[in-house]
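Trainee: Submitted below is the structure of interest, expressed as structure tokens.
2 protein chains.
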Amino acid sequence: MRIAIALFNLGGPDGPDAVEPFLFNLFSDPAIIRVPGFLRRFLARTISRRRAPKARGIYARIGGGSPLLPNTLAQTHALEERLRDLGEVRAFPVMRYWHPMTPEAVRDIAQFAPDRIVLLPLYPQFSTTTTASSLDAWREEAARAGLAAPMRTLCCYPVQPGFIEALAALVRDGVEAARAKGRPRILFSAHGLPEKVVKAGDPYQWQVEQTAAAAMRVLGDIGADHVVCYQSRVGPLKWIGPSTEDEIARAGKDGVPVVVVPLAFVSEHSETLVELDIEYAELAHEAGVPAYVRVPTVSTHPAFIDGLATLARAALARDTADPLPDGERRICAPGWSGCPCRGPGKAA
Amino acid sequence: MRIAIALFNLGGPDGPDAVEPFLFNLFSDPAIIRVPGFLRRFLARTISRRRAPKARGIYARIGGGSPLLPNTLAQTHALEERLRDLGEVRAFPVMRYWHPMTPEAVRDIAQFAPDRIVLLPLYPQFSTTTTASSLDAWREEAARAGLAAPMRTLCCYPVQPGFIEALAALVRDGVEAARAKGRPRILFSAHGLPEKVVKAGDPYQWQVEQTAAAAMRVLGDIGADHVVCYQSRVGPLKWIGPSTEDEIARAGKDGVPVVVVPLAFVSEHSETLVELDIEYAELAHEAGVPAYVRVPTVSTHPAFIDGLATLARAALARDTADPLPDGERRICAPGWSGCPCRGPGKAA
Numbered sequence: 020m021r022i023a024i025a026l027f028n029l030g031g032p033d034g035p036d037a038v039e040p041f042l043f044n045l046f047s048d049p050a051i052i053r054v055p056g057f058l059r060r061f062l063a064r065t066i067s068r069r070r071a072p073k074a075r076g077i078y079a080r081i082g083g084g085s086p087l088l089p090n091t092l093a094q095t096h097a098l099e100e101r102l103r104d105l106g107e108v109r110a111f112p113v114m115r116y117w118h119p120m121t122p123e124a125v126r127d128i129a130q131f132a133p134d135r136i137v138l139l140p141l142y143p144q145f146s147t148t149t150t151a152s153s154l155d156a157w158r159e160e161a162a163r164a165g166l167a168a169p170m171r172t173l174c175c176y177p178v179q180p181g182f183i184e185a186l187a188a189l190v191r192d193g194v195e196a197a198r199a200k201g202r203p204r205i206l207f208s209a210h211g212l213p214e215k216v217v218k219a220g221d222p223y224q225w226q227v228e229q230t231a232a233a234a235m236r237v238l239g240d241i242g243a244d245h246v247v248c249y250q251s252r253v254g255p256l257k258w259i260g261p262s263t264e265d266e267i268a269r270a271g272k273d274g275v276p277v278v279v280v281p282l283a284f285v286s287e288h289s290e291t292l293v294e295l296d297i298e299y300a301e302l303a304h305e306a307g308v309p310a311y312v313r314v315p316t317v318s319t320h321p322a323f324i325d326g327l328a329t330l331a332r333a334a335l336a337r338d339t340a341d342p343l344p345d346g347e348r349r350i351c352a353p354g355w356s357g358c359p360c361r362g363p364g365k366a367a
Numbered sequence: 020m021r022i023a024i025a026l027f028n029l030g031g032p033d034g035p036d037a038v039e040p041f042l043f044n045l046f047s048d049p050a051i052i053r054v055p056g057f058l059r060r061f062l063a064r065t066i067s068r069r070r071a072p073k074a075r076g077i078y079a080r081i082g083g084g085s086p087l088l089p090n091t092l093a094q095t096h097a098l099e100e101r102l103r104d105l106g107e108v109r110a111f112p113v114m115r116y117w118h119p120m121t122p123e124a125v126r127d128i129a130q131f132a133p134d135r136i137v138l139l140p141l142y143p144q145f146s147t148t149t150t151a152s153s154l155d156a157w158r159e160e161a162a163r164a165g166l167a168a169p170m171r172t173l174c175c176y177p178v179q180p181g182f183i184e185a186l187a188a189l190v191r192d193g194v195e196a197a198r199a200k201g202r203p204r205i206l207f208s209a210h211g212l213p214e215k216v217v218k219a220g221d222p223y224q225w226q227v228e229q230t231a232a233a234a235m236r237v238l239g240d241i242g243a244d245h246v247v248c249y250q251s252r253v254g255p256l257k258w259i260g261p262s263t264e265d266e267i268a269r270a271g272k273d274g275v276p277v278v279v280v281p282l283a284f285v286s287e288h289s290e291t292l293v294e295l296d297i298e299y300a301e302l303a304h305e306a307g308v309p310a311y312v313r314v315p316t317v318s319t320h321p322a323f324i325d326g327l328a329t330l331a332r333a334a335l336a337r338d339t340a341d342p343l344p345d346g347e348r349r350i351c352a353p354g355w356s357g358c359p360c361r362g363p364g365k366a367a
């Protein structure tokens, strides 16, 4: 049996020249800027042009481009490895805003001619702005290309045991590293969202909180406080909080070391390598935080890859699921009852 | 006090066009090809031209270029963060074969005008082909630039506790992931070397074995066998062994799962992302190895970064050391008595 696994992620510019077109693609997404098409393209052009110089400066601090594609390819290879016993398994990165983008990935997958396709977002927590945007783009392109193999979608896996185990292991080491400077405070820091997106029913914030709670259950009495907070705010809208910046300031006032845990990214992005490692570290220093430890993303941690493999196996094993208009079959993460894709039409 | 920390590594091409010049730089290094200068440049040109198409194909599988620079920059930022209490601390990547290369890094460091400089190779195990080559290039350029701040060199740290703790934590998770398929065999896989380099006194192989032994001491009775082996052989010379390929074949014959641990790289290279994750995984499959788990490199694991910070602190705290001709001060990793830089002139 030939199995294709589509691993969805944002994508990131691979060099200075890619920054502006990457931003244009990002701000052209109706899931990101929610205005009519003609206005969105105008806004995307304006915003990407205006933001490009600063963004190029940000990427210059990590060598000019994003390491997201190599990191994601490492995940595809590790996952293929774990699923070899199922037959000819190939995992494909499918990026939303930079290459290999959805049309290229769909073409490659069609050429591979799989018997089954598993759609596996590299977003543990479901959001309309990430997961649904990627799956929508996929659906459109797959239909256009006439990709007909049965598909199963993993919508989200905020408390998947392998994911949580990997996260907890990394947090534990981070707490140990910070403990010399006092009782650490764990800041579970996720990419934020405009408040109105959450109010409209996006389950992201709730799922992020479930992830943090599951990690803390595994960690048990680790001798550290914890809080969930949100980073990366841009634009004029009110975002969900508390903000990671505010939590850093509070830790400074309280004089406690912080352990910053990116729990919604599963590989390194500019948001971890620049925002957390440089900008927020600087903030922490200015705020008098006695130690600032940033925990790596789960990346190719064996427990995390095992978790992804378990999800893919579950998706492939399950042949009955709610029938959906496009014949696509979905499955929720095992043990996960609050999945938004259960509800009719709400998720995607 | 202004402190500069120079973090040495190989460097890797940042895109397809960089592959051939990167190879040319690599094969031009007298530490790599040990023949007279005029012949070496000729050989470097010939070899790099001949190998470039294949190498471009290798890098294409991880997105076109190496993620080494972004990974290294993440390490510099994490390390700066851990050393903030010492004053104005900046860490600089100093790459041997691709940008930012030694002359650029020396220029940047001179501009920073540090009071102290710590030379910290991102090679835990000392080799004439890596550490000494980097330090030689550094010395030459630093002298040319008149960089006069007191310098301390960390020559190697094969059993540094933080490094070993990070490695052991990752191995433990890898063994857990493989255990379902039988009693795992841990393959500690290091980049190989020609046998004659080791016979000429290079301590690399011995130090690699020390690293593996230290990790196994921390892991205790983990229910897995282990072996040290060597990957990445190229060229006509006899290399040290056993080779990782042979060990994979043996695991196939014995029907045991393998856990592959890159213990001489501290960040992801083509040798981990392509050779281990794709090529050797394929070998393992063909050899009938029931499970193949590759453990990530220590990268920005908090225990590893803590270890680097401890080394830097020790180097800075120690003002008396063997006086050396160039006024440079050296220090061996604490607790490490077999350091080659103790011997007169042997190491560098």
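If you read the protein sequences in the order shown, they are chains A and B. For the first sequence, position 72 matches number 91 in my numbering, and the numbering has no gaps at all. For the second sequence, position 183 matches number 202 in my numbering, and the numbering has no gaps at all. Cβ atoms here follow ideal geometry from the backbone N, Cα and C, with glycine treated the same way.
(1) From R53 of chain B to R59 of chain B, what does the alpha carbon distance come to, in whole angstroms?
(2) Is the Cβ of H210 of chain A closer than 7 angstroms to any Cβ of chain B?
(3) Take G106 of chain B and list the residues in its own chain whose beta-carbon comes closer than 7 angstroms to its own, dropping the five residues that flank it on each side.
(4) Establish whether the CB of H96 of chain B and some CB of chain A are separated by less than 7 angstroms.
(5) Any beta carbon of chain A sitting closer than 7 angstroms to that of T319 of chain B?
(6) Determine whether the Cβ of V237 of chain B lies closer than 7 angstroms to any Cβ atom of chain A.
(7) On a Cα-Cα basis, can you pick out the residue from B:I136, B:D48, B:S146 that is closest to L335 of chain B?
(8) Using a C-beta cutoff of 7 angstroms, does A25 of chain B count as contacting chain A?
(9) Using a Cβ-Cβ distance cut-off of 7 angstroms, determine whether G31 of chain B contacts chain A.
(10) Please confirm whether R103 of chain A has its beta-carbon closer than 7 angstroms to some beta-carbon of chain B.
(11) Using a Cβ cut-off of 8 angstroms, pull out every chain B residue sitting near I241 of chain A, in sequence order please.
(12) Can you look up L330 of chain B in the DSSP assignment and give me helix, strand or coil?
(13) Enumerate, from N- to C-terminal direction, the unbroken alpha helix (DSSP H) stretches of 4 or more residues contained entirely within the stretch 73–144 of chain A.
(14) Could you give the residue range of the alpha helix (DSSP H) that holds M235 of chain A?
(15) If you drop the 5 nearest sequence neighbours on each side, which residues of the same chain put their C-beta closer than 8 angstroms to that of A268 of chain A?
(16) Skipping 5 residues on each side, what residues in its chain have a beta carbon closer than 7 angstroms to that of P49 of chain A?
(17) In or out: A392 of chain A buried (at least 16 other Cβ within 10 Å) or exposed?
(18) Work out the CA separation of S85 of chain A and I24 of chain B for me, nearest whole Å.
(19) Could you tell me whether the Cβ of H304 of chain A comes closer than 7 angstroms to any Cβ of chain B?
(20) Is DSSP giving P344 of chain A helix, strand or coil here?
(21) Take P342 of chain B and list the residues in its own chain whose beta-carbon comes closer than 6 angstroms to its own, dropping the five residues that flank it on each side.
(22) Hey, is V275 of chain B's beta-carbon within less than 7 angstroms of any beta-carbon in chain A?
(23) Please return the same chain residues whose Cβ sits closer than 6 angstroms to the Cβ of G30 of chain B, not counting the five positions on each side in sequence.
(24) Roughly how many angstroms separate the alpha carbons of C175 of chain A and I128 of chain B, rounded to a whole number?
(25) Please decide whether V38 of chain B counts as near chain A, where near means a Cβ-Cβ distance under 7 angstroms.
(26) Taking only beta-carbon atoms, is E107 of chain B less than 7 angstroms away from chain A?
(27) Give me the subset of the stretch 80–95 of chain A whose CB atoms are less than 8 angstroms from a CB atom of chain B, sorted by chain position.
(28) Tell me whether H320 of chain B sits in a helix, a strand or coil according to DSSP, three-state version.
(29) State the Cα-Cα distance for the pair E99 of chain A and G271 of chain B, rounded to the nearest angstrom.
(30) Excluding five sequence neighbours on each side, which residues of the same chain lie with their C-beta closer than 7 angstroms to the C-beta of V38 of chain A?
(31) On a Cα-Cα basis, can you pick out the residue from A:D192, A:R109, A:N28, A:N44 that is closest to A331 of chain A?
(32) Does chain B have any CB closer than 7 angstroms to the CB of V312 of chain A?
(33) Roughly how many angstroms separate the alpha carbons of E266 of chain A and P315 of chain A, rounded to a whole number?
(34) Taking just the CA atoms, how far does D221 of chain A sit from E231 of chain A?
(35) Does the ligand NAD have even one heavy atom less than 6 angstroms from the beta-carbon of A168 of chain B?
(36) Just to confirm before moving on: does the CB-CB distance between L295 of chain A and V279 of chain A stay below 7 angstroms?
Mentor: To lay it out plainly:
(1) 8 angstroms
(2) no
(3) Within the same chain, G106 of chain B has close Cβ partners M20, R21, I22.
(4) yes
(5) yes
(6) So no, V237 of chain B is outside the interface.
(7) B:I136
(8) False, the Cβ-Cβ gap to chain A never drops below 7 angstroms.
(9) No, G31 of chain B does not count as interfacial toward chain A.
(10) yes
(11) Per Cβ cutoff of 8 angstroms: no residues; I241 of chain A is ~14 angstroms from chain B at best.
(12) helix
(13) Taken in chain order, the complete alpha helix (DSSP H) segments of 4 or more residues contained in the stretch 73–144 of chain A are 87–101, 121–131.
(14) 223–238
(15) L302, A306
(16) R59
(17) Absent from the model: residue 392 of chain A. The displayed extent of chain A is 20 to 367, so no value can be given.
(18) 24 angstroms
(19) yes
(20) At P344 of chain A, the pLDDT of 42 sits below 50, so the modelled position is not reliable and the matter cannot be decided from this model.
(21) In this prediction, P342 of chain B has a pLDDT of 42, which is less than 50 and means its spatial position is unreliable; what the coordinates show is noted afterwards. Taken in chain order, the list of residues that qualify is empty.
(22) no
(23) M114, R115, Y116, W117
(24) 46 angstroms
(25) no
(26) no
(27) R80, I81, G82, G83, G84, S85, P86, L88, P89, N90, L92, A93
(28) coil
(29) 18 angstroms
(30) P32, A71, A74, R75, Y78
(31) A:R109
(32) yes
(33) 19 angstroms
(34) The amino acid occupying residue 231 of chain A in the given sequence is Ala; Glu does not appear at that position. When rounded, the distance between both Cα atoms is 18 angstroms.
(35) In the structure shown, the ligand NAD is absent, as is every other ligand, since no ligand is present at all.
(36) yes
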